[in-house]
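S.K.: Quick note, the sequences are listed as chains A and B, same order. All you need for my numbering is the position in the first sequence, starting with 1, plus 95. All you need for my numbering is the position in the second sequence, starting with 1, plus 322. In this text, a Cβ means the ideal position worked out from N, Cα and C, and glycines have one as well. No experiment lies behind these values; they were computed from the predicted model shown.
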Amino acid sequence: MLSNSSLFESAKIDIIKRYADQGSTVQVESFFPYGTTDKIDTNNKKEMVNLATMQLDFIIQDLKEKGYFYYLSPSYLYIKSTYQSGKIVIIGHSGGGVSGFRASEKLNNDDKILVHEMVQVGSPRVESTNRHVINQTTFLSAYNDPISILGIWTEGYEPLPEKSFTVFLEQLANGAAAHTSYFSNKPWAIAPSISNLSVTLDKIWENIK
Amino acid sequence: MVVTVNSPTPVTLTYNRDVFDVERSPNEAVKRVTLLPEESIVFKNLTDRSVILKNNVSDGSRYSYTSYNADGSIYTESQNAISAKPIPERGKIVIYNSSNVPLTFFSYFNFVAIDNSINYVDFGLAITLPDEEPSNIFNDYARRYEDGRVYVKIPTFGLDNLEDLIEKEDYFRLENEIWYNAVALKEKRDIGIKIHDDFIQLTPLNQNAIDAANDRGAVERNYSKLTANNPDYTIYFL
Numbered sequence: 096m097l098s099n100s101s102l103f104e105s106a107k108i109d110i111i112k113r114y115a116d117q118g119s120t121v122q123v124e125s126f127f128p129y130g131t132t133d134k135i136d137t138n139n140k141k142e143m144v145n146l147a148t149m150q151l152d153f154i155i156q157d158l159k160e161k162g163y164f165y166y167l168s169p170s171y172l173y174i175k176s177t178y179q180s181g182k183i184v185i186i187g188h189s190g191g192g193v194s195g196f197r198a199s200e201k202l203n204n205d206d207k208i209l210v211h212e213m214v215q216v217g218s219p220r221v222e223s224t225n226r227h228v229i230n231q232t233t234f235l236s237a238y239n240d241p242i243s244i245l246g247i248w249t250e251g252y253e254p255l256p257e258k259s260f261t262v263f264l265e266q267l268a269n270g271a272a273a274h275t276s277y278f279s280n281k282p283w284a285i286a287p288s289i290s291n292l293s294v295t296l297d298k299i300w301e302n303i304k
Numbered sequence: 323m324v325v326t327v328n329s330p331t332p333v334t335l336t337y338n339r340d341v342f343d344v345e346r347s348p349n350e351a352v353k354r355v356t357l358l359p360e361e362s363i364v365f366k367n368l369t370d371r372s373v374i375l376k377n378n379v380s381d382g383s384r385y386s387y388t389s390y391n392a393d394g395s396i397y398t399e400s401q402n403a404i405s406a407k408p409i410p411e412r413g414k415i416v417i418y419n420s421s422n423v424p425l426t427f428f429s430y431f432n433f434v435a436i437d438n439s440i441n442y443v444d445f446g447l448a449i450t451l452p453d454e455e456p457s458n459i460f461n462d463y464a465r466r467y468e469d470g471r472v473y474v475k476i477p478t479f480g481l482d483n484l485e486d487l488i489e490k491e492d493y494f495r496l497e498n499e500i501w502y503n504a505v506a507l508k509e510k511r512d513i514g515i516k517i518h519d520d521f522i523q524l525t526p527l528n529q530n531a532i533d534a535a536n537d538r539g540a541v542e543r544n545y546s547k548l549t550a551n552n553p554d555y556t557i558y559f560l
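1) Less than 8 angstroms between CB atoms is the rule here; does B/D492 satisfy it with respect to chain A?
2) Report buried or exposed for A/Y238, applying the criterion of at least 16 other Cβ atoms within 10 angstroms of its Cβ.
3) Which of the three DSSP states is assigned to B/S429 in this structure?
4) Starting from A/V184 and walking both ways along the beta strand (DSSP E), at which residues does that stretch end?
5) When DSSP builds the beta bridges, which residues end up paired with B/K353?
6) Between B/F559 and chain A, is there a C-beta pair that is closer than 8 angstroms?
7) Kindly indicate the opening and closing residues of the beta strand (DSSP E) around B/I396.
8) Taking the CB atoms as reference points, tell me whether A/Y277 and A/V221 lie closer together than 8 angstroms.
9) Please state if the CB of B/K353 and the CB of B/S429 are separated by a distance shorter than 8 angstroms.
10) Using alpha carbons as the reference points, say which of A/G181, A/I183 and A/D240 lies closest to A/T275.
11) Should A/A106 go down as buried or exposed, given a rule of 16 or more other Cβ atoms within 10 Å for buried?
12) With DSSP as the reference, label A/G246 as helix, strand or coil.
13) Could you give the distance in angstroms between the alpha-carbon of A/V121 and the alpha-carbon of B/D554?
14) I'd like to know if the region 379–397 of chain B and the region 183–201 of chain A are in contact, where contact means that at least 3 CB-CB pairs between them fall below 8 angstroms.
15) What residue from A/V123, A/K281, A/S290 and A/P282 has the CA that sits closest to A/V262's CA?
16) When you compare the CB of A/G187 with every CB in chain B, is at least one pair closer than 8 angstroms?
17) Can you tell which of A/N225, A/S125, A/I247 and A/A284 has its C-alpha closest to the C-alpha of A/D205?
18) Need the endpoints of the beta strand (DSSP E) that B/N628 sits in, please.
19) So A/D109 and A/L296 are supposed to be a Cβ contact under 8 angstroms. How far apart are they, rounded?
20) Chain B partners of A/S293, CB-CB under 7 angstroms?
21) Buried or exposed: A/E212, going by 16 or more other Cβ atoms within 10 Å of its Cβ?
22) Near A/Y173, what residues of its chain come up, given a Cβ to Cβ distance below 7 angstroms and the 5 sequence neighbours on each side ignored?
23) Is the region 362–369 of chain B in contact with the region 431–438 of chain B, if contact means three or more CB pairs nearer than 8 angstroms?
24) Below 8 angstroms, how does it come out for the region 413–425 of chain B and the region 384–394 of chain B: are there three or more Cβ pairs, yes or no?
25) With distances taken Cα to Cα, identify the nearest neighbour of A/G191 among A/F234, A/K112 and A/K258.
26) Could you pull out every residue in the same chain whose Cβ sits closer than 8 angstroms to the Cβ of A/V294, ignoring the five residues on either side in sequence?
27) Measuring CB to CB, does A/E257 end up less than 8 angstroms from B/P408?
28) For A/V216, which three-state DSSP category applies?
29) Secondary structure at B/K366, three-state DSSP: helix, strand or coil?
30) Rounded to a whole number of angstroms, what is the C-alpha to C-alpha distance between A/S259 and B/N422?
31) Any idea which residues DSSP pairs B/S559 with across the strands?
32) Is it right to say A/F103 is buried, meaning 16 or more other beta carbons lie within 10 angstroms of its own, or is it exposed?
33) Contact defined as beta carbons within less than 8 angstroms: I believe B/A403 pairs with B/Y385. What is the distance between those atoms, to the nearest angstrom?
34) Would you call A/S176 buried or exposed, if buried means 16 or more other Cβ atoms sit within 10 Å of its Cβ?
35) Are the beta-carbon atoms belonging to B/L357 and B/F427 less than 8 angstroms from one another?
36) Please say whether A/I185 and B/L560 have beta carbons closer to each other than 8 angstroms?
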């Protein structure tokens, strides 16, 4: 939610380099299934609230396992139409993790395309009974991120992805703003060689390499 | 919590006796196996939920694996894995050390069984061109020619006995590579190859896997759609 399209730029470059270092060729695509703040005056509280409300409405719909999924338009169809070969890795922040999860399920169920790794960063908990997608999912949450405790994983006995981790980030802001701090490349005050971005990416890389 | 000390020196654990009961465990905390290069092993999941198989793989090393659901269908696979992988409930995972150093794999002691009685070998697929031009280039794995023949080239490791399974006219050698007629493999050996317009599906091609596949019907291995631009990974940032 309320993401800017520049959010992932440093992360993309880093991930590509890590794959290249292990001899793999990587194609990267990025898109924002619930829209971005790119053309919005972020100081205009009314516009920001309108966007957040719209995004939240779509995301809440997509958290449910049954029913109408907004993701069908932007995420699933995009991946289905552009995917050519190789393994698929989806890294979704916030609502992107919801959309990516739903896309993974549908690609798995309807198209027999297996998403190799699904990473949710600061995402709400998605209701699902698709064991394959759950098992391929890595769930990262910052200890102070209020978004990642929203929702439920699923009903019944398989409550959560086994690869669920808490990452400890430098607190750049409080409350909902902390939710956008995963990909900040600002050096930590107490350890300048580390940034929230490096912590987040190290944890992602542990699970997708 | 089950704790096993794996250092040569004793380790003291401190606990609150009002909160914990402590007893000796008859078993270690984890079940582990170290594979030398090119060795294989099978971990079976004895439980009704997925279990994570962990490892000590460090940068530069790789392993191959194929994991199977309880019904024998393939769950997922990778030829160059590094990270921990789930074993499906009541399923199994076949591990092959494709690096040049020993690798250790481990999981919860009571939840998994290690089966080293079967010499599983993982496999990959690649393709090279015979002299004539193909009419369809699927991808790195298979190509189809004007007369409809589809050839697949399979790495030789673990597959030496495959030549005994198929008639001479159904394969040929090209330098160090062996090419197999995919249709002949399917029709004469019943190893579960399906040929689609734009991709192929293949069963595992080692003898044990073939036997297992024949026992339970077709086990299919899904290969991705083919393209000239063939990245190993496509990453989507959402």
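M.R.: So, from the listed chains and residues:
1) If you number the second sequence from 1, residue 492 of chain B lands on position 170. No, B/D492 lies away from the interface with chain A (no Cβ there is under 8 angstroms from its Cβ).
2) Working through the first sequence from its first residue, we reach residue 238 of chain A at position 143. Exposed is the call here.
3) Taking the second sequence and counting its residues from 1, one reaches residue 429 of chain B at position 107. Three-state result, B/S429: strand.
4) Residue numbering aside, residue 184 of chain A sits at position 89 when the first sequence is read from its first letter. Element bounds for A/V184: K182 to H188.
5) Within the second sequence, the letter at position 31 stands for residue 353 of chain B. Beta-bridge pairing links B/K353 to B/S429.
6) Counting from 1 along the second sequence, the entry for residue 559 of chain B is found at position 237. Yes, B/F559 lies at the interface with chain A (some Cβ there is under 8 angstroms from its Cβ).
7) In the second sequence, the residue the question calls residue 396 of chain B occupies position 74. Counting along the chain, the beta strand (DSSP E) containing B/I396 begins and ends at I396 to A403.
8) Translated into the one-based positions of the first sequence, residue 277 of chain A becomes position 182. Translated into the one-based positions of the first sequence, residue 221 of chain A becomes position 126. No, they are not a contact pair.
9) Here the question's residue 429 of chain B lines up with position 107 in the second sequence. Here the question's residue 353 of chain B lines up with position 31 in the second sequence. Yes, these two residues count as a Cβ contact at 8 angstroms.
10) Sequence index remark: in the first sequence, residue 275 of chain A carries index 180 (1-based). Of the listed residues, the one whose Cα sits closest to A/T275 is A/D240.
11) Sequence index remark: in the first sequence, residue 106 of chain A carries index 11 (1-based). Buried, since its Cβ has 16 or more Cβ neighbours within 10 Å.
12) Stepping through the first sequence from its first residue, residue 246 of chain A is reached at position 151. Correct three-state label for A/G246: strand.
13) Numbered from 1 along the first sequence, position 26 holds the residue referred to as residue 121 of chain A. Numbered from 1 along the second sequence, position 232 holds the residue referred to as residue 554 of chain B. A/V121 and B/D554: Cα-Cα distance of roughly 6 angstroms.
14) no
15) On the first sequence, residue 262 of chain A is found 167 positions in, with the first residue counted as 1. Ranking A/V123, A/K281, A/S290 and A/P282 by Cα distance to A/V262 puts A/S290 first.
16) Counted from its first residue, the first sequence places residue 187 of chain A at position 92. It does: the Cβ of A/G187 has a partner Cβ on chain B nearer than 8 angstroms.
17) Along the first sequence, read from residue 1 onward, the residue named residue 205 of chain A stands at position 110. A/D205 has its Cα closest to that of A/N225, out of A/N225, A/S125, A/I247 and A/A284.
18) Since the first and last residues shown for chain B are 323 and 560, residue 628 of chain B lies out of range.
19) Position 14 of the first sequence, counted from the first residue, corresponds to residue 109 of chain A. Position 201 of the first sequence, counted from the first residue, corresponds to residue 296 of chain A. Confirmed, Cβ separation roughly 5 angstroms.
20) Numbered from its first residue, the first sequence carries residue 293 of chain A at position 198. Neighbours of A/S293 on chain B: none; closest Cβ ~16 angstroms, over 7 angstroms.
21) Within the first sequence, numbered from 1, the residue matching residue 212 of chain A stands at position 117. It is buried - the Cβ of A/E212 has at least 16 other Cβ atoms within 10 Å.
22) Here residue 173 of chain A refers to the residue found at position 78 when the first sequence is read from its first residue. Closer than 7 angstroms at the Cβ level, and outside the excluded window around A/Y173, lie F126.
23) yes
24) yes
25) Reading the first sequence from its first residue, position 96 is the one you call residue 191 of chain A. For the residues A/F234, A/K112 and A/K258, the minimum Cα distance to A/G191 belongs to A/F234.
26) The sequence position of residue 294 of chain A within the first sequence is 199, counting from 1. These residues qualify, in order along the chain: V262, F263 and L264.
27) Residue 257 of chain A sits at position 162 when you count from the first residue of the first sequence. Residue 408 of chain B sits at position 86 when you count from the first residue of the second sequence. Contact: yes.
28) The residue given as residue 216 of chain A occupies position 121 in the first sequence. Residue state, collapsed to three classes: strand.
29) Against the second sequence, residue 366 of chain B aligns to sequence position 44. B/K366: strand per DSSP, three-state reduction.
30) Within the first sequence, the letter at position 164 stands for residue 259 of chain A. Within the second sequence, the letter at position 100 stands for residue 422 of chain B. Spanning the two alpha carbons is a distance of roughly 31 angstroms.
31) On the second sequence, residue 559 of chain B is found 237 positions in, with the first residue counted as 1. As written in the sequence, residue 559 of chain B is Phe, which differs from the Ser given in the question. Note: B/F559 sits in a beta bridge opposite A/S125 and A/I186.
32) In the first sequence, counting from the first residue as 1, residue 103 of chain A sits at position 8. Label assigned to A/F103: buried.
33) Along the second sequence, read from residue 1 onward, the residue named residue 403 of chain B stands at position 81. Along the second sequence, read from residue 1 onward, the residue named residue 385 of chain B stands at position 63. Confirmed, about 5 angstroms.
34) On the first sequence, position 81 is the one that residue 176 of chain A refers to. So A/S176 counts as exposed.
35) Taking the second sequence and counting its residues from 1, one reaches residue 357 of chain B at position 35. Taking the second sequence and counting its residues from 1, one reaches residue 427 of chain B at position 105. Yes, Cβ-Cβ distance for B/L357 and B/F427 is below 8 angstroms.
36) By one-based count along the second sequence, residue 560 of chain B stands at place 238. By one-based count along the first sequence, residue 185 of chain A stands at place 90. In this structure, A/I185 lies closer than 8 angstroms to B/L560 by Cβ.
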